[in-house]
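Visitor: Be aware that the sequence shown starts at 0, since it is given in numbering that gives the first Met the number 0, and climbs by one per residue. One structure follows; several queries about it will come next.
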Amino acid sequence: MPGWRPRREERRAAPRPGRRRPDHRPAASNLSVPSFVFHGSPMTTHQTRWSQFLVLITVFFFWGFVAASNEILIPVFKNAFSLTQAQSQYVAVAFYVAYTVGSIIYFLTSRAIGADLLNRIGYKNGIAVGLLVSAVGTLLFYPAANTGSFGLMLSGLFIVGLGFSLQQIAANPLAIMMGDPATGAQRLTMAGGVNNFGTTIGPLLVSLAIFGSVAAGGTEASIESVKVPYLVLGAAFVLVAVFLKFSSVPNRIDLEGIAAEEAADASRLVHKGSAFAYPQLVLGMLAIFVYVGVEVATIANLPAYLKLPADQGGLGLDTSMIAPFVSLYWASLMIGRWAGAAGAFGAPPNVRLVLTLLLPYLAFGVFLAVNTIAGYSVSQFLLYAAVIVVMVAATFASRGNPARMLLIFSLCGIAALVVGMLTSGMTSVIAFTSVGLFCSTMWPCIFALAITGLGRNTGQGSSLLVMMIMGGGLVSWLQGWLADTAGIHVSFLVGVACFAYLAFYAARTPAILRRQGIDLDRLAASAGH
């Protein structure tokens, strides 16, 4: 949702009547992203702190690298341990449910110490601790590979996910506050683009480590071949944690400095003692659940479809040849997010327009380049450039309104899955893969809609949204179960149901916000769209 923020002069309007706050603090209605500030230093019109931001986004890269690499582990484990399709999805379940468990631990710890955990230990320190926790998880791959234990492998992935949970809770607000809050959403989208660079190269590197080079003709993988890449990854976690600890990335956020005035009618703002009292958040929690669910379930089950013989609709590929297709799926999210990050550079409108058109194809070029270097043929993917046109057109049609963007992209996602189910071969594969394009901007859209109007409950609401990342595991398992029961082609109906709910949320939320004095179209227009 490039550029969607109200102008600061509007947020600092004269005091409005009809408001009384028992704690005498100014209300904050958070639209798009909360206006975080440095501890003791208000964020006004600062430029993006690129030196700090570039250090921070290394963790976004790791989240993507590991998440996408799981899609290589799923078929490897399925063959090695003779699993059903549903059982193979335990990989996704272990990894994504860890986010929920980590969020619950965070919540309970904060309650026990009587203060928000990150406010106590610091945001930068929280990310460093999360990296070290994830490093411990990678160490379990060594004994798991030596003993051939599927359960120990899952335990390692679960601990990696626990560390990522703490990193997510801390890193997202830091990415938002490293500059003018008006471009916070674009920085978060840019960080997501770096995340998807990790998802693009992760499957290729892990596949190379497990199977060897394509030129060497490697098609078989042993469980022991998994341990080396994850031990290397663990060492990288430790090095980044140390580097981050001694970097200039800020450690504190002054939450008391949040004082945005963004509602058209402040007398109608809702001020509740709990984030659960806001319907946009409660519905948004389920939206995050199904969004992450359809994003992960589609690619987690796509390898099984690719391996089907041609007479059953698939491509008949060996596991060793699946990596470029997994890479394209995750590159699709990078393509969409690079387009959405155009507003982060503070460029004039005409320059932003050009960047929105060019950046997605630059990202597509990155995909083509890394796969060519890895030794894969990319000629079969060139027609995907035409599908990107649809995504770019949908971006412009949204006109900066996150609800409209979510609705349009959800309908496009439904269309992609239906086309994939009604066709076969490369046509269906491209259709299923394009789901990544239409999922690309959904996280910032849902996140923005869900926390809009929460004010001082924004922190609580954010942690609840991170908790719902567990949908990536549970929805993947559900689709795997349906694949075992009715066939892999039919199983993509699960994704259609997920997109249908997202379309409902996109259509329903603007009316909820209008009752709270918040007009999304007015805010989008005031930001220059």
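By construction, the Cβ of each residue, glycine as well, lies at the ideal position given by its N, Cα and C atoms.
Measuring only the C-alpha atoms, how far is residue 440 from residue 194?
Guide: Counting from 1 along the sequence shown, the entry for residue 440 is found at position 441. Counting from 1 along the sequence shown, the entry for residue 194 is found at position 195. So the alpha carbons of these two residues sit roughly 13 angstroms apart.
Visitor: Using beta-carbon positions only, say whether residue 468 and residue 164 come within less than 9 angstroms of one another.
Guide: By 1-based counting over the sequence shown, the position of residue 468 is 469. By 1-based counting over the sequence shown, the position of residue 164 is 165. Their beta carbons are under 9 angstroms apart, which means residue 468 touches residue 164 by this criterion.
Visitor: Residues in the same chain with beta-carbon distance under 8 angstroms from residue 234, minus the five sequence neighbours each way, listed in chain order, please.
Guide: The residue labelled residue 234 in the question sits at position 235 within the sequence shown. So the list reads 134, once near-sequence residues are dropped.
Visitor: Can you tell me the Cα-Cα spacing of residue 236 and residue 65, whole angstroms?
Guide: Translated into positions along the sequence shown, residue 236 becomes position 237. Translated into positions along the sequence shown, residue 65 becomes position 66. Whole-angstrom Cα-Cα distance: 11 angstroms.
Visitor: Can you tell me whether residue 386 is helix, strand or coil according to DSSP?
Guide: As a working note, residue 386 is residue 387 in the sequence shown. Helix.
Visitor: So the alpha helix (DSSP H) residue 300 belongs to, where does it begin and stop?
Guide: The residue you call residue 300 lines up with position 301 of the sequence shown. Segment 278 to 305, the alpha helix (DSSP H) holding residue 300.
Visitor: Using a 10 Å radius around the Cβ and a threshold of 16 neighbouring Cβ atoms, would you call residue 514 buried or exposed?
Guide: Numbered from 1 along the sequence shown, position 515 holds the residue referred to as residue 514. With fewer than 16 Cβ atoms within 10 Å of its Cβ, residue 514 is classed as exposed.
Visitor: Could you spell out where the alpha helix (DSSP H) holding residue 87 opens and where it closes?
Guide: Working through the sequence shown from its first residue, we reach residue 87 at position 88. Run containing residue 87: 84 to 87, per the alpha helix (DSSP H) assignment.
Visitor: Looking at residue 490 and the ligand GDP, is the gap between the Cβ and the nearest heavy atom below 8 angstroms?
Guide: Summarising the ligand content, the structure contains no ligands, and the ligand GDP is consequently not present.
Visitor: Measuring CB atoms only, is the segment 313 to 330 touching the segment 119 to 138, in the sense that at least three cross pairs come out at less than 8 angstroms?
Guide: Touching, no, given that fewer than three Cβ pairs across the two stretches are closer than 8 angstroms.
Visitor: Less than 9 angstroms separating the beta-carbons of residue 202 and residue 362?
Guide: Walking along the sequence shown from the start, residue 202 turns up at place 203. Walking along the sequence shown from the start, residue 362 turns up at place 363. In this structure, residue 362 does not lie closer than 9 angstroms to residue 202 by Cβ.
Visitor: When you compare each of 56, 275, 488 to residue 240 by their alpha carbons, which one comes out closest?
Guide: On the sequence shown, position 241 is the one that residue 240 refers to. Of the listed residues, the one whose Cα sits closest to residue 240 is 56.
Visitor: For residue 414 and residue 499, I'd like the C-alpha separation in whole angstroms.
Guide: The residue labelled residue 414 in the question sits at position 415 within the sequence shown. The residue labelled residue 499 in the question sits at position 500 within the sequence shown. Cα to Cα, the separation comes out at about 11 angstroms.
Visitor: Counting C-beta neighbours from all protein chains within 10 Å, is the total for residue 508 16 or more, i.e. buried, or is it exposed?
Guide: Translated into positions along the sequence shown, residue 508 becomes position 509. Residue 508 should be labelled buried.
Visitor: How is residue 475 classed by DSSP in three states: helix, strand or coil?
Guide: Within the sequence shown, numbered from 1, the residue matching residue 475 stands at position 476. Residue state, collapsed to three classes: helix.
Visitor: Taking the straight line between their C-alpha atoms, what separation do you get for residue 318 and residue 84?
Guide: Start at 1 with the first residue of the sequence shown, and residue 318 comes out as number 319. Start at 1 with the first residue of the sequence shown, and residue 84 comes out as number 85. Those two C-alpha atoms are separated by around 14 angstroms.
Visitor: Helix, strand or coil for residue 81? Go by DSSP, reduced to three states.
Guide: As a first step, residue 81 must be located in the sequence shown, where it is residue number 82. Residue 81: coil per DSSP, three-state reduction.
Visitor: Going by C-alpha to C-alpha distance, which of 463, 433, 428 sits closest to residue 445?
Guide: The sequence position of residue 445 within the sequence shown is 446, counting from 1. Per the Cα distances, 463.
Visitor: Where in the segment 426 to 474 do unbroken runs of the alpha helix (DSSP H), each at least 4 residues long, occur, reported from the N-terminal end onward?
Guide: Qualifying alpha helix (DSSP H) stretches, in chain order: 434 to 438, 441 to 450, 457 to 466.
Visitor: With distance defined between alpha-carbon atoms, name the residue in 410, 358, 450 nearest to residue 387.
Guide: Numbered from 1 along the sequence shown, position 388 holds the residue referred to as residue 387. It is 358 whose Cα lies nearest to the Cα of residue 387.
Visitor: If I measure Cβ to Cβ from residue 72 and keep anything under 6 angstroms in the same chain, skipping five residues before and after, which residues do I get?
Guide: For the purposes of this step, residue 72 is taken as residue 73 along the sequence shown, with counting starting at 1. Same-chain partners within the cutoff: 90.
Visitor: If you follow the alpha helix (DSSP H) that residue 514 is part of, which residue opens it and which one closes it?
Guide: To locate residue 514, count along the sequence shown from 1; it is residue 515. That residue, residue 514, is in no alpha helix (DSSP H); it is neither H nor E in DSSP.
Visitor: Assuming contact is defined by CB atoms lying nearer than 9 angstroms, are residue 465 and residue 171 in contact in what I supplied?
Guide: Your numbering for residue 465 matches position 466 in the sequence shown. Your numbering for residue 171 matches position 172 in the sequence shown. Yes. Within cutoff.
Visitor: Can you tell me the Cα-Cα spacing of residue 36 and residue 460, whole angstroms?
Guide: Along the sequence shown, read from residue 1 onward, the residue named residue 36 stands at position 37. Along the sequence shown, read from residue 1 onward, the residue named residue 460 stands at position 461. For residue 36, the predicted structure reports a pLDDT of 34, less than 50, and the residue's modelled location is therefore unreliable. The matter cannot be settled from this model.
Visitor: How far does the alpha helix (DSSP H) with residue 137 in it extend, from its first residue to its last?
Guide: Counting from one through the sequence shown, the residue named residue 137 turns up at place 138. Unbroken alpha helix (DSSP H) run through residue 137: 122 to 138.
Visitor: Return yes when the Cβ of residue 166 is within less than 9 angstroms of the Cβ of residue 129, no when it is not.
Guide: One-based indexing of the sequence shown puts residue 129 at position 130. One-based indexing of the sequence shown puts residue 166 at position 167. The answer is yes: Cβ separation under 9 angstroms.
Visitor: Compare the Cα-Cα distances from residue 97 to each of 383, 86, 155 and report the closest residue.
Guide: Working through the sequence shown from its first residue, we reach residue 97 at position 98. Out of 383, 86, 155, 155 has the C-alpha closest to the C-alpha of residue 97.
Visitor: So the candidates are 311, 145, 188, 116; which of them puts its Cα closest to the Cα of residue 59?
Guide: As a working note, residue 59 is residue 60 in the sequence shown. Ranking the options by Cα distance to residue 59, first place goes to 188.
Visitor: Given residue 332, which residues of its chain have a CB within under 7 angstroms of its CB, disregarding the five upstream and five downstream residues?
Guide: Taking the first residue of the sequence shown as position 1, residue 332 is located at position 333. For residue 332, where only same-chain residues beyond five positions count, the Cβ hits under 7 angstroms are 195, 198, 435, 438, 439.
Visitor: With DSSP run on the structure shown, which of helix, strand or coil describes residue 108?
Guide: The sequence position of residue 108 within the sequence shown is 109, counting from 1. Residue 108: helix per DSSP, three-state reduction.
Visitor: Closest by CA to residue 503, which one among 421, 54, 290?
Guide: Counting from one through the sequence shown, the residue named residue 503 turns up at place 504. It is 290 whose Cα lies nearest to the Cα of residue 503.
Visitor: Drop a sphere of 10 angstroms on the beta-carbon of residue 186, count the other beta-carbons inside from all chains shown, and report buried for 16 or more, exposed for fewer.
Guide: Here the question's residue 186 lines up with position 187 in the sequence shown. Per the 10 Å Cβ criterion, buried.
Visitor: Taking only the alpha-carbon atoms, compute the straight-line gap between residue 162 and residue 310 and give it to the nearest angstrom.
Guide: Residue mapping note: residue 162 aligns to position 163 of the sequence shown, counting from 1. Residue mapping note: residue 310 aligns to position 311 of the sequence shown, counting from 1. Rounded to the nearest angstrom, the two C-alpha atoms are 43 angstroms apart.
Visitor: Output the boundary residues of the alpha helix (DSSP H) element that contains residue 418.
Guide: Reading the sequence shown from its first residue, position 419 is the one you call residue 418. Note, residue 418: alpha helix (DSSP H), 401 to 421.
Visitor: Buried or exposed: which applies to residue 140, given that a residue is buried once 16 or more other Cβ atoms fall within 10 Å of its Cβ?
Guide: To locate residue 140, count along the sequence shown from 1; it is residue 141. The residue is buried, with at least 16 neighbouring Cβ atoms inside 10 Å.
Visitor: For the putative contact between residue 416 and residue 495, defined by C-beta atoms under 8 angstroms, what is the C-beta separation to the nearest angstrom?
Guide: Translated into the one-based positions of the sequence shown, residue 416 becomes position 417. Translated into the one-based positions of the sequence shown, residue 495 becomes position 496. Correct: roughly 5 angstroms between the Cβ atoms.
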